[in-house]
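**Q**
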Amino acid sequence: MNAKIRKIAVNIEETHQEMGRKIDPATRKAVAVAVIENPFANSYQEDLSPLMDIGAELGALLGRKCIEALGITPEQAESYGKSAMVGENGELEHAAAVLHPKMGAPLRKEVEKGAALVPSSKKMGSPGQVLDVPLGHKDAAYVRSHFDGIEVRLNDAPRANEIMVAIAVTDSGRPLPRVGGLTHTDATGKDGLR
Amino acid sequence: MSKLNLRKTAYSFEEIFHEGGPAPANPLRRAAALAIIENPFAGRYEPDIQWFMEDLKPLGLQMATRLVELLGGADHIEGYGKGAMVGEAGELEHGALWHAPGGYAMRELLNDSNAIVPSSKKVAGVGGRLDVPITHINASYVRSHFDSMEVGLNDAPKANEMALVLVMSTGPRIHDRAGGLAAKDIKGEDGLR
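Protein chains in written order, with the numbering used here: chain A, 932 to 1125; chain B, 35 to 227.
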């Protein structure tokens, strides 16, 4: 493991009712977050490939943590997302290096298939700040019922020399979807869009 | 009939490997369970509220059982705590109903848990955060196990809801070195030392 991990946190949310209506089975979302040392804090580094390798490791590790937390098989995952928050001695580009070049393929192995782009967000931040992780359907980005998000924050991270890296996975869409669009059952999931 | 009306459950699980010092062989693990329920007393003063504790008992047991599973079994658990956040249409006193069902649910599942379960409670709005204290399950004075865990959800507690919380941990603070009574030296008779 190239990443120097200080802590890992996993949150699970289960919604049993919304606006007084029973949701059965409950919709469930998980988000797994790793707090890692930023190897490039306080210095400009042209070559960010070590962070890209860390992204690959965390794609597998955090994806698996979410699947385990939900207690599902990989093919039961329905949507996913990824985010990073860089502590103040780092650079926004460090988040991009972790998230974009290499994280996707190992994450997709954990959730099976994953034809769709993994939606993402990134920001600079400090301990206790909120990171909103966007969620989208894993095989067909246009599935409207699965556009969602999950918030994650840790009171002690990211410290100035750290990066918080998060992956979210669900086994369901929003609790009461009724704004139309492409549905989970009608998606073909071949081109990642529909 | 039970007045328990559950909207949401949430679980947080943390593994702490180090905090800048030497990483111990085993990481510290902490877990929290949150239940968002309707407050049956919201919006009015109700003199008789204690009956609701009965309805909370099965919920407490369900939450405690899940925490024990998340942390790998009762034998691993060394610290605990509990808390409540009451939505704005409720009263701090409603949160106090969680003391008995929350605390006894955990102690029922954990061996040698003679210590009082530390707690915090407050009235809060949606997105409110609660720092839930943690102490050793068998001797409150064990200094290495004084800790806490921050919990909260962006969509709770609504005005007529309560967020009920249980927390468990597997050991001392990750770089514990502030002295005091050590877990290995406790007598475990009075819940204190």
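Where is the CB? At the ideal position from N, CA and C, for every residue including glycine.
Predicted, not measured: the structure shown is a model, and the values here were computed from it.
Verify whether the separation of the beta carbon atoms of M983 (chain A) and A1028 (chain A) is less than 9 Å.
**A** Yes.
**Q** Since P167 (chain B) sits in a beta bridge, which residues does DSSP pair it with?
**A** P167 (chain B) is bridged by DSSP to B:S182.
**Q** Among A:S1103, A:T1114, A:V1064, whose alpha-carbon lies nearest the alpha-carbon of Q1007 (chain A)?
**A** A:S1103
**Q** How many Å lie between K192 (chain B) and F86 (chain B) at the Cα?
**A** 19 Å
**Q** Any idea if L1062 (chain A) is buried or exposed, counting beta-carbon neighbours within 10 angstroms, 16 or more meaning buried?
**A** buried
**Q** Quick check: what's the CA-CA separation for R41 (chain B) versus H133 (chain B)?
**A** 21 Å
**Q** Looking at C-alpha atoms only, which residue of A:I1098, A:N933, A:P1089, A:M932 is the closest neighbour of G1021 (chain A)?
**A** A:P1089
**Q** Does the contact criterion of 3 or more C-beta pairs under 8 Å hold for the segment 62-82 of chain B versus the segment 118-137 of chain B?
**A** Yes: at least three Cβ pairs fall under 8 Å.
**Q** Please identify, using Cβ separations under 7 Å, the residues of the segment 936-966 of chain A that lie next to chain B, in order along the chain.
**A** I936, R937, K938, I939, A940, V941, N942, I943, E944, E945, T946, H947, Q948
**Q** Just to check my reading of the structure: P167 (chain B) and S153 (chain B) have Cβ atoms closer than 8 Å, yes? What is that Cβ distance to the nearest angstrom?
**A** 7 Å
**Q** Would a C-beta distance cut-off of 9 Å place V185 (chain B) and S46 (chain B) closer than the cut-off?
**A** yes
**Q** Starting from L131 (chain B), follow the alpha helix (DSSP H) in both directions and report where the run begins and ends.
**A** Taken as a continuous stretch (DSSP letters only), L131 (chain B) belongs to no alpha helix (DSSP H), as it is neither H nor E.
**Q** Measuring only the C-alpha atoms, how far is I111 (chain B) from M202 (chain B)?
**A** I111 (chain B) and M202 (chain B): Cα-Cα distance of roughly 7 Å.
**Q** Could you tell me the alpha carbon to alpha carbon distance between L1023 (chain A) and L1085 (chain A), rounded to whole angstroms?
**A** 19 Å
**Q** Which whole-angstrom value is the C-beta distance of M950 (chain A) and L989 (chain A), which I expect to be below 8 Å?
**A** About 36 Å separates the two Cβ atoms, so there is no contact after all.
**Q** Starting from M196 (chain B), follow its DSSP beta bridges and name the residues at the other end.
**A** Answer is B:I71, B:V120, bridged to M196 (chain B).
**Q** I want to see whether chain A comes within less than 9 Å of A98 (chain B), judged by CB atoms only; does it?
**A** no
**Q** State yes or no: is the beta carbon of E1041 (chain A) nearer than 9 Å to at least one beta carbon in chain B?
**A** no
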